[in-house]
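Working notes, structure below.
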Amino acid sequence: MAAITERVAIAHAEGRTYHGIWAWLATVDHKKIGIMYIYAALFFMAFGGAEALLVRIQLWQPNNHFVSAETFNQLFTMHGVTMIFLVAMPILIGYINAIVPLQIGARDVAFPRMNALSLWLFVLGGLFLYSSWFMGGAPDAGWFNYVPLSGAHYSPGAGVDFYDIGLQITGIGTLMTAINFLVTILNMRAPGMRLLRMPMFTWSALITMLLILFAFPPITVNLILQMMDRLFHANFFNIPLGGNALLWQNLFWIFGHPEVYIVILPAFGIISEIIPAFSRKPLFGYESMALALSVIAFLSFMVWTHHMFADGLGAVVNSIFAITSMLIAVPTGIKIFNWLATLWGGQIRFTTANLYALSFIPLFVIGGISGVMLAMAPADLQYNDSYFVVAHFHYVLFGGTLMGALAGLYYWFPRIWGRLLDERLGRLNFWLVFIGFNVTFFPMHLLGLEGMPRRISTYAAGNGWTTPNQIATVGAFILLIGMLILLYNLIVTFRRKPDLVQDPWDARSLEWSIPSPTPEYNFAQLPLIEDRDAYWVAKRQGRTALEPAEPPGPIHMPSPSLTPFFLALTIVVAGYAALLHVDWLALLAMLAAFWQVGAQLVHEDPGYHVHPEAPAGGAAE
Amino acid sequence: MSAQGEAAHLPLQHETSPELGLPKDNRILGLWIFLAGECAFFASLIGGYLGLHLGVAHGPTGAQVFDLPLTTVATLVLLSSSLTVVLGVAAMQRRDVRAMQIWLWLTALLGIFFLEFQGFEFYTFYHEGLTLQTSAFGSAFFTLTGFHGLHVAFGVFWILLLLFQSLKHGINEDRTTKVFVMSLYWHFVDVVWVVIFTLVYLAGKVG
Amino acid sequence: MSQGTPLEGAAIERQRRSQKALYVTIGVLSLVLTLVAVFLVEIGLQRSVVLPVLIALAAVQVLMQAFLFMHLRGSRHLYSYFFLAGLSLAVLIGTCLMILIQRWA
Chain A
100 MAAITERVAI
110 AHAEGRTYHG
120 IWAWLATVDH
130 KKIGIMYIYA
140 ALFFMAFGGA
150 EALLVRIQLW
160 QPNNHFVSAE
170 TFNQLFTMHG
180 VTMIFLVAMP
190 ILIGYINAIV
200 PLQIGARDVA
210 FPRMNALSLW
220 LFVLGGLFLY
230 SSWFMGGAPD
240 AGWFNYVPLS
250 GAHYSPGAGV
260 DFYDIGLQIT
270 GIGTLMTAIN
280 FLVTILNMRA
290 PGMRLLRMPM
300 FTWSALITML
310 LILFAFPPIT
320 VNLILQMMDR
330 LFHANFFNIP
340 LGGNALLWQN
350 LFWIFGHPEV
360 YIVILPAFGI
370 ISEIIPAFSR
380 KPLFGYESMA
390 LALSVIAFLS
400 FMVWTHHMFA
410 DGLGAVVNSI
420 FAITSMLIAV
430 PTGIKIFNWL
440 ATLWGGQIRF
450 TTANLYALSF
460 IPLFVIGGIS
470 GVMLAMAPAD
480 LQYNDSYFVV
490 AHFHYVLFGG
500 TLMGALAGLY
510 YWFPRIWGRL
520 LDERLGRLNF
530 WLVFIGFNVT
540 FFPMHLLGLE
550 GMPRRISTYA
560 AGNGWTTPNQ
570 IATVGAFILL
580 IGMLILLYNL
590 IVTFRRKPDL
600 VQDPWDARSL
610 EWSIPSPTPE
620 YNFAQLPLIE
630 DRDAYWVAKR
640 QGRTALEPAE
650 PPGPIHMPSP
660 SLTPFFLALT
670 IVVAGYAALL
680 HVDWLALLAM
690 LAAFWQVGAQ
700 LVHEDPGYHV
710 HPEAPAGGAA
720 E
Chain B
184 MSAQGEAAHL
194 PLQHETSPEL
204 GLPKDNRILG
214 LWIFLAGECA
224 FFASLIGGYL
234 GLHLGVAHGP
244 TGAQVFDLPL
254 TTVATLVLLS
264 SSLTVVLGVA
274 AMQRRDVRAM
284 QIWLWLTALL
294 GIFFLEFQGF
304 EFYTFYHEGL
314 TLQTSAFGSA
324 FFTLTGFHGL
334 HVAFGVFWIL
344 LLLFQSLKHG
354 INEDRTTKVF
364 VMSLYWHFVD
374 VVWVVIFTLV
384 YLAGKVG
Chain C
16 MSQGTPLEGA
26 AIERQRRSQK
36 ALYVTIGVLS
46 LVLTLVAVFL
56 VEIGLQRSVV
66 LPVLIALAAV
76 QVLMQAFLFM
86 HLRGSRHLYS
96 YFFLAGLSLA
106 VLIGTCLMIL
116 IQRWA
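Quick mapping for you: the protein sequence lines, in order, are chains A, B and C.
So for the first sequence, this note's numbering puts the first residue at 100; every next one is plus one.
So for the second sequence, this note's numbering puts the first residue at 184; every next one is plus one.
So for the third sequence, this note's numbering puts the first residue at 16; every next one is plus one.
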């Protein structure tokens, strides 16, 4: 059997074979696309982390001059933009790409070429955003980019234009991902895989995609309105000519609140896979978990004004949104109790993946508690815009999303890359990250309650802020070491030969039922699903594989294509042209983009066929 | 390899497999999902317009510049194009390719007429002192109707693409799905215009 | 293009013609409803009376187009769920934005 690197390097088409890097640029295979999402997310995480470290160094002591205030503003803005849009979302979408089709017994997603386009829009859009550092300055008005600060008057440089255009580019890709996975999950499940038999990670992906579908258009509109104001002198946010600054805030948070659920729900899904696997028990309260996901998603569109409690909207508005914000804690609490009930009485194995998953529970609960404190509008007015908020969202975004993402990395590494990450290095990585995280962010609760505002580049001595800030900075360096251990783990693991163990964890769901490395076509024969956790049931009945739902035969595959990459590139060129006010090039590039889209609308892909070597049953390795 | 020869016989497993009971309608479902997202998109633009349209600064109001007879004609033109496209789809379903092509031509022409009316309207407003830069109302009006117009233009482009494809290569199972999907998009763009016409023009002219 | 027996072929023909008649009826009805709406505006009735009627007329047009022209009636219920979810969210977002921006200008 060919080594993984050779296998993934060659993609076939009608008389066309791509090799090496071209195979990666032209792939439409969800597994390779997932890998590239994860690599790119880890790459951007290094930069987002570096930005955070520089912030923490600047805040080490009062009146520090490590970086200027202007640079500081760019650092915390890009840290936020990077971590949310270029790390958290892509890594979770990477797992969804790599794993969800396998979990539902499908051979690929509904629209493979559009899937590739989503990836390249993210990668090239992210690079576009980062080029801002070298082209006059990065965005510096905060990740939420409020007007009037981000308007042409107070932010005349190109930084905010990079924000507006860069996030448009990546955002369109994300919307396409939502359409793709909604059709895939709703239409392409294997026979017998009813919705209530799907793994919980797939459920979380389904609900997340619905959130993306409805949350991303408002931010798209918001960014368009600001581009109109900045590039064409429109007046959406220009108050003297009738504009309204609150319009930005409302549109932003109508997107922004569902967005944070978009980055946490897949993490919930990952925890719901790992805890049952390493407790040797089914997930407790499966139906209530699916219902909780749905209720959280529904309510997430009803709470956005809790980000605007200090705007002066009045007691009635504030009360309504305070109540809805507190309500949303209820389904989340149900999930926490279900995970605990899953662990109860289970045979628990403390692998690195499980350590991360278990740590998620207390850390997310702490973040949730500070969240309920923030939901109480009168109380919020005390600590709004202080480090208390910073502590809250880092506990849910890092303690929640990132711990979940790292759990997923250790858990699914063997399925995606055919080898296991080293467990000793993994434990070292975990403990350093866990300790470093808490040392960094716990003091921020106290800092906020002691009155330290957010987004200040320095502070005066004598407020009692110095010591907690120094503790936080030390914690950030512990985190750095922990992440370097992860990097080291990745390097030594990739240096080793692949283990190619099909089901190293003795897990429950369908992605573990196929050979390692995962065949190009996923399933030689689509399986017939008769239970929840069908693979686990089969194993307990002494079978090594599931009953096939179709006879063996040749499998049709979609052709690879360079169009998604070149289309994304064309759109980024248009973005640069608009930013640099080279109007003819912007227009030309947009027309070229529409031309390429038009070609796809009439395109008919004959694809090609592969003949699986082994019949159903999988190789006993 | 003779993959070409093989491909002719074997089913496209992404979208068929009727024996497994998998639906064949990935693209139709995909478009309905896309339209749900477009609802949120236009809702944001319309909501923004409704919030800002009273901000006229020193410029004209809607009631002052809107030419209701002209816009009504444009609306009737676009609504007619909805009828022509559905008749085209009906012709396609009975495999009357010639009739389908005629109806699609008509649809595209009506769409182009609509765009001409819009262009003339924009030109007139510009000379009456309402531009994108005049006021928040001006910005909101031109952005909302402009984006709708862009959607119409893309729809015309799409119709012509499919029309030329059918002229060159005829129709097949795959292409009937493409035409149907395009017609759904076209109807949606029309529906959005009904909402815009009501909430912007008609509501703007009411006392 | 008719399948099966001549009787079945004739039945299919009748169904197609009634489909076509339905489409033309809806099409003409859309034009008429539009003209009615314009008429109501032109005769200058009170705003609080006319606006709800205009919105109702628009809603009828939207639902007619969606359920009849776009074949929602007779298609998978899933399509209707997505369409109605989008519509509901649209009404929510549009109304909230209008209220929140106008009242807190």
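Using N, Cα and C, we set each Cβ at its ideal position, and we do this for glycine too.
Do we get a CB-CB distance below 9 Å when we pair C/Thr25 with the residues of chain B?
Inspection of the sequence shows that residue 25 of chain C is occupied by Ala rather than by Thr. With 9 Å as the cut-off, C/Ala25 does not count as an interface residue toward chain B.
Classify A/Ala667 as buried or exposed, calling it buried when 16 or more other Cβ atoms lie within 10 Å of its own Cβ.
buried
For a test of the three-state rule: what should DSSP assign to A/Tyr707, helix, strand or coil?
strand
Scan the region 68-87 of chain C for residues whose Cβ lies nearer than 8 Å to a Cβ of chain B and list them as they occur along the chain.
Leu69, Ile70, Leu72, Ala73, Gln76, Val77, Gln80, Ala81, Phe84 and Met85
Just checking my contact of A/Leu520 with A/Thr592 at CB under 8 Å: how many whole Å lie between their CB atoms?
5 Å
Assess, as a yes-or-no matter, whether the region 471-481 of chain A is touched by the region 369-387 of chain A under the definition of 3 or more beta carbon pairs within less than 8 Å.
no
Interfacial residues, the region 128-150 of chain A to chain B, with Cβ spacing under 9 Å
none
Please list the terminal residues of the continuous alpha helix (DSSP H) segment that includes A/His655.
Note, A/His655: premise wrong, no alpha helix (DSSP H); beta strand (DSSP E) at Ile654 to Met656.
Output needed in chain order: residues of the region 271-283 of chain A with a Cβ under 7 Å from some Cβ in chain E.
The structure shown has no chain E; the protein chains it does contain are A, B and C.
Nearest chain B C-beta to C/Ser33 closer than 9 Å, yes or no?
no
Is the region 670-683 of chain A close to the region 257-269 of chain A, with three or more CB pairs under 8 Å?
yes
Between which two residues does the beta strand (DSSP E) harbouring A/Arg115 extend?
Arg115 to Tyr117
Neighbouring residues, chain C, relative to A/Ile323 (Cβ below 9 Å)
Per Cβ cutoff of 9 Å: no residues; A/Ile323 is ~15 Å from chain C at best.
Is A/Ser485 helix, strand or coil when you go by DSSP?
strand
Those residues which DSSP pairs with A/Pro647 across a bridge
A/Pro626
Would you verify that the beta carbon of C/Gly101 is, or is not, closer than 9 Å to some beta carbon of chain B?
yes
DSSP bridge partner residues for A/Pro552 (one or two, in chain order):
A/Ser485
Inter-stretch contact at 8 Å, needing at least 3 Cβ pairs: the region 450-464 of chain A / the region 361-371 of chain A:
yes
Selected residue, minimal CA-CA separation from A/Pro290, among A/Ala633, A/His252, A/Trp530 and A/His680
A/Ala633
Quick check on the DSSP output: the alpha helix (DSSP H) that includes A/Asp682 runs from which residue to which?
Asp682 to Leu700
To be precise: take each residue of the region 222-234 of chain B, compare its Cβ to all Cβ atoms of chain A, and keep it if any distance is under 9 Å. Which residues remain?
Cys222, Ala223, Phe224, Phe225, Ala226, Ser227, Leu228, Gly230, Gly231 and Gly234
Segment contact flag, the region 301-317 of chain B with the region 229-249 of chain B, C-beta cutoff 8 Å, min 3 pairs:
yes
Determine the burial state of A/Ala559: buried for a count of at least 16 other Cβ atoms within 10 Å of its Cβ, exposed for fewer.
exposed
Top-ranked residue by Cα proximity to A/Asn196, from A/Ile318, A/Met213 and A/Arg448:
A/Met213
Would you grab the beta carbon distance between A/Thr307 and A/Ile361 for me? Rounded to a whole angstrom, and I think it's under 8 Å.
5 Å
Which residues bound the alpha helix (DSSP H) around B/Gly234?
Asn209 to Leu235
Which one of B/Leu212, B/Leu382, B/Ile211 and B/Glu221 has the shortest CA to CA distance from A/Leu312?
B/Glu221
Which residues in chain A have a C-beta closer than 8 Å to the C-beta of B/Trp341? List them in chain order.
Gly697 and Leu700
Same chain only: Cβ atoms within 6 Å of B/Trp369, ignoring 5 sequence neighbours per side
Val268 and Gly338
Kindly indicate the opening and closing residues of the alpha helix (DSSP H) around A/Asn162.
A/Asn162 -> no alpha helix (DSSP H), and no H or E assigned at all.
Count the CB pairs spanning the region 255-262 of chain B and the region 312-326 of chain B that are closer than 8 Å, and state whether there are at least three.
no
Using a C-beta cutoff of 9 Å, does C/Gly109 count as contacting chain B?
yes
Coil, strand or helix - B/Val256 by DSSP
helix
Does any residue of chain A bring its CB to less than 9 Å from the CB of B/Val239?
yes
Quick check on the DSSP output: the alpha helix (DSSP H) that includes B/Trp376 runs from which residue to which?
Glu356 to Ile379
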